[in-house]
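Engineer: Here the sequence shown stands for residues -20 to -1, 1 to 223, where the numbers follow mature numbering (1 follows the signal peptide of the UniProt record, and there is no 0).
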Amino acid sequence: MIKKNYLIVLVLLMSTFVFAQNGEKLIKGKVLTGQIPVENVEVINISNQSSTTTNSKGEFQISAKSNDPLIYSNSNYENVRKRLLKSEFESGQITVSLIPIATNLDVVVIDKTNAISGFEGAKKFTPAERRLETGNKQFRLKQGLEISNDAIINKISGKSKRLKKEVEVERKEAFLEEFSDTFADEFFTEDLRIEKEYVDGFKFYLAEDPEFIKAFHTYSDQEFGAMILRKTEEYKKLIANEK
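#1: Looking at the unbroken beta strand (DSSP E) that takes in Glu22, where does it start and where does it end?
#2: Quick check: the Cα distance between Asp189 and Lys152, rounded to an integer number of angstroms?
#3: DSSP three-state call for Asn94: helix, strand or coil?
#4: With Gly181 as the anchor, note down where its alpha helix (DSSP H) starts and where it stops.
#5: I'd like the span of the beta strand (DSSP E) that includes Ser30, first residue to last.
#6: Quick one: residues in its chain with C-beta nearer than 8 angstroms to the C-beta of Pro17, no 5 flanking neighbours on either side, listed in chain order?
#7: Which same chain residues, not among the five before or five after Leu156, have their C-beta less than 7 angstroms away from its C-beta?
#8: Pick out whichever of Asn56, Ser77 and Ile208 has its Cα sitting closest to the Cα of Ile174.
#9: Within 10 angstroms of its Cβ, does Ile24 collect 16 or more other Cβ (buried), or is it exposed?
#10: By the three-class DSSP mapping on this structure, what secondary structure does Lys117 have?
#11: Does Ile79 pass the burial test, meaning 16 or more other C-beta atoms within 10 Å, or should it be called exposed?
#12: On the CB-based measure, 16 or more other CB atoms within 10 Å of its CB, does Ala44 come out buried or exposed?
#13: Looking at C-alpha atoms only, which residue of Glu150, Ser53, Asn54 and Asn47 is the closest neighbour of Glu70?
#14: Identify whether Gly14 lies in helix, strand or coil by the three-state DSSP scheme.
#15: Hey, out of Tyr52, Ser55 and Leu65, whose CA is closest to Glu4's CA?
#16: Bridge partners for Thr198 per DSSP, in chain order?
#17: From which residue to which residue does the beta strand (DSSP E) around Glu39 run?
#18: Taking a contact to mean a Cβ-Cβ separation below 7 angstroms, would you say Asp171 touches Glu22 in this structure?
#19: Mapping DSSP to helix, strand and coil, what is Arg210?
#20: Closest to Ala206 by C-alpha separation, out of Ile7, Ile26 and Arg63, would be which residue?
#21: Between Lys8 and the rest of its own chain, which residues show a CB-CB distance below 8 angstroms, the 5 nearest in sequence each way excluded?
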């Protein structure tokens, strides 16, 4: 028992020493929406790649230093990225407010066409996806023979292949727009240490990776943070090889 307590004290002393060496200390925080504590919010320090989760009282503790970028994420709330202010670091206390994500309910209008055709809940397509879907649509003749509307033409002209490329381009453009809205340029230049002239290239580099796009949308911040750091190192190596 004495040995166990000694080890605990030793670990705490070593942790304190490491924090002091890095200019870090343990910050106590609370996450609220209005006056209500928010549980299960993932808090990530991008600088030291540490993370934690808020308890039932919305409270958390994380090691950080002044100006460290912290991300607060929960699937029911808008993600917040906020640097630790000098005053917050000195006091060792921080309070963060989250905004709930608005839930838009789809309005379904049922008419005779919907009732007969069963179109309620039909999948929504982008313009490129609609063109691709039309090209692949099949029709049944009285004899029971099925023919594809544009199937023969598609095989000859490669139209289907071209439309699939258009769909892929649209998805990449949508990702780039959403990704750029989520992270300001300072995130890339200051936090990831990417030179300003290479920031746009880095975004396109990420858009070419389906796994990264998936991680961005599912937004498990711990996995996403690790992936973007890994992709950053890969991109920097590519730049270095080109110089």
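Ideal Cβ placement from N, Cα and C applies to all residues, glycine included. Keep in mind that this is a model prediction, so the values were computed, not measured.
Structural biologist: Let's see:
#1: Glu22 to Asn25
#2: 10 angstroms
#3: Bear in mind that the predicted position of Asn94 carries a pLDDT of just 44, short of 50, making it unreliable; the figure below should be weighed with that in mind. Correct three-state label for Asn94: helix.
#4: Val179 to Ala187
#5: Taken as a continuous stretch (DSSP letters only), the beta strand (DSSP E) holding Ser30 covers Ser30 to Thr33.
#6: Within its own chain, the residues whose Cβ lies closer than 8 angstroms to the Cβ of Pro17, once the five positions on either side in sequence are excluded, are Lys10, Val11, Thr34, Ser36, Lys37, Gly38 and Glu39, listed in chain order.
#7: Lys183 and Ala187
#8: Ile208
#9: buried
#10: In this prediction, Lys117 has a pLDDT of 48, which is less than 50 and means its spatial position is unreliable; what the coordinates show is noted afterwards. Looking at Lys117 - three-state DSSP - the assignment turns out to be coil, as it is neither helix nor strand.
#11: Looking at its Cβ environment, which holds fewer than 16 other Cβ atoms inside 10 Å, Ile79 is exposed.
#12: Buried is the call here.
#13: Asn47
#14: Assignment of Gly14 by DSSP, reduced to helix, strand and coil, places it in the coil class.
#15: Leu65
#16: BP columns for Thr198 are empty, so no partner.
#17: Glu39 to Ala44
#18: For the pair Asp171 and Glu22, the CB atoms are not nearer than the 7 angstroms cut-off.
#19: helix
#20: Relative to the Cα of Ala206, the nearest Cα in the group Ile7, Ile26 and Arg63 belongs to Ile26.
#21: Result list for Lys8: Glu39, Phe40, Gln41, Gly72, Gln73 and Ile74, in chain order.
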